[in-house]
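Numbers 2 to 321, taken from my numbering, label the letters of the sequence shown in order. Glycine included, every Cβ here is placed at the ideal spot set by N, Cα and C.
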Amino acid sequence: MASTFIAIVLFPLLVIKAFMNKYEGNQQEEFFNIRQTTTIKGIMIMIVFFHHYSHIVPNVDTIELAYRIGQVCICVFFFISGYATFLGYSKSASIDLKKVWQKRAWRLYLPVTILGFFQSNFINAILIFLLASDLAFIFFKTNTKRLLFITAVNILYFVACILIGLGEWWYDDVLTFALGAAFAIYKDQLVEIMKNKKIYTVAMIGLCIACVPFMYMGINYMYFNVSVTIYSFLACIVVVLLMMKVNVTSSIFYFLGQYTWEIFLTHQMFMVLFNKIFTHNILIMVCSFAASVGFSVLLQSGVKRMRSRFLTKANSHVSA
């Protein structure tokens, strides 16, 4: 009962509170800035947490139904990653791949290596798409060609997963990476268009209406792979459009958003562990959450210290 209250009542109330903030400064600068996207990532990782919790822990049917379609959260992660990667590259006069790969090795690859999880659909896809972004900025000089290349890789990955026969969870939420890259190019133009209240209202209502039948089919496992793919894609756009009008702010979700990579890697491991130790669902939920977050903070800080010491030694050798 307590775990259901947290997932069905408390968490949604915190999300609503996070979305009840108006833009006080320059809306165009604050919209989709690092703090806002980090906060959104914190919200999404909690939905992923409840989604997996309902599949691992027994007798939580209400939570399972409420969080059955968790793919939209992964779509948002891919969208933000595509946006941030493309925007970061486009702001650089030249791409120093050595520095890029060194930074990525410490931030992304080392935690994966430490934990040994190479079979995750999200992790495999994101690393492939990041590599595609690297190649796009190496071989192409215009944003249009870069975007076309990233989109092609995105679609090829989607098709390859289907042809190989992988489960739908390997591909039903990946197509928004290229969409995020496109958003990095056309964000200002889109914001200007959406300043028109009629256009914004029609777009939001149209997308929400389009989501309903696919969401219904997904919840009821009807044409699941197709329905969830379409619903997640459309719902991701709805989230982005909603962020144009409300300044998503929450110190709790912002904190969690800084550790989404590590939490994603660890939370299921702790759920399985505590599911074997405890019989009360609330203990499984609380302990899994606390352990996931605590371990993630330690892992990230440990990796940062290792990186700092490594770079300090490397620089001292160069100076010598």
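{"Query": "Whole angstroms is fine: what's the gap from Ile46's alpha carbon to Val273's?", "Result": "18 angstroms"}
{"Query": "Counting only beta-carbon atoms, is Ile163 nearer than 8 angstroms to chain B?", "Result": "No chain B is present in this structure, which holds just one protein chain."}
{"Query": "Alpha carbon to alpha carbon, how far is Ile165 from Gln29? Give it in angstroms, no decimals.", "Result": "43 angstroms"}
{"Query": "Below 8 angstroms on the Cβ atoms is my guess for Phe290 versus Phe123; work out the distance and round it to an integer in Å.", "Result": "Going by Cβ atoms, the distance from Phe290 to Phe123 rounds to 19 angstroms, so no, they are not a contact pair."}
{"Query": "In whole angstroms, what is the alpha-carbon distance linking Tyr158 and Ser297?", "Result": "29 angstroms"}
{"Query": "Roughly how many angstroms lie between the CA atoms of Tyr68 and Phe6, to the nearest whole one?", "Result": "14 angstroms"}
{"Query": "Are the CB atoms of Asn226 and Asp173 within a distance shorter than 8 angstroms?", "Result": "yes"}
{"Query": "Here's the rule: buried if 16 or more other CB atoms are within 10 angstroms of the residue's CB, otherwise exposed. What is Glu263?", "Result": "buried"}
{"Query": "Quick check on DSSP: helix, strand or coil for Phe119?", "Result": "At Phe119 the pLDDT is 46, less than 50, meaning the model places this residue with poor confidence; the figure from the coordinates comes in the next sentence. DSSP places Phe119 in coil when its eight states are reduced to three."}
{"Query": "If I'm right that Met205 touches Leu242 with Cβ under 8 angstroms, what's the distance once you round it to whole angstroms?", "Result": "6 angstroms"}
{"Query": "Grouping DSSP H, G and I as helix and E and B as strand, with all else coil, what is Arg306?", "Result": "helix"}
{"Query": "DSSP three-state call for Thr143: helix, strand or coil?", "Result": "coil"}
{"Query": "Hey, is the region 250 to 264 in contact with the region 54 to 61, meaning 3+ C-beta pairs nearer than 8 angstroms?", "Result": "no"}
{"Query": "Using 8 angstroms as the Cβ pair cut-off and three pairs as the minimum, do the region 31 to 45 and the region 131 to 148 touch?", "Result": "no"}
{"Query": "Which ranges does the alpha helix (DSSP H) cover as unbroken runs of at least 4 residues, wholly within the region 15 to 83, from first to last along the chain?", "Result": "28 to 31, 35 to 57, 62 to 67"}
{"Query": "State buried or exposed for Ala161, treating a residue as buried only when at least 16 other CB atoms are found within 10 Å of its CB.", "Result": "exposed"}
{"Query": "Does Thr250 come out as helix, strand or coil in the three-state DSSP assignment?", "Result": "coil"}
{"Query": "Taking only the alpha-carbon atoms, compute the straight-line gap between Ala153 and Asn60 and give it to the nearest angstrom.", "Result": "42 angstroms"}
{"Query": "Exposed or buried, what is Leu300 when buried is set at 16 or more other beta-carbons lying within 10 Å of its beta-carbon?", "Result": "buried"}
{"Query": "Report yes if the C-beta distance between Glu31 and Asn248 is below 8 angstroms; otherwise report no.", "Result": "yes"}
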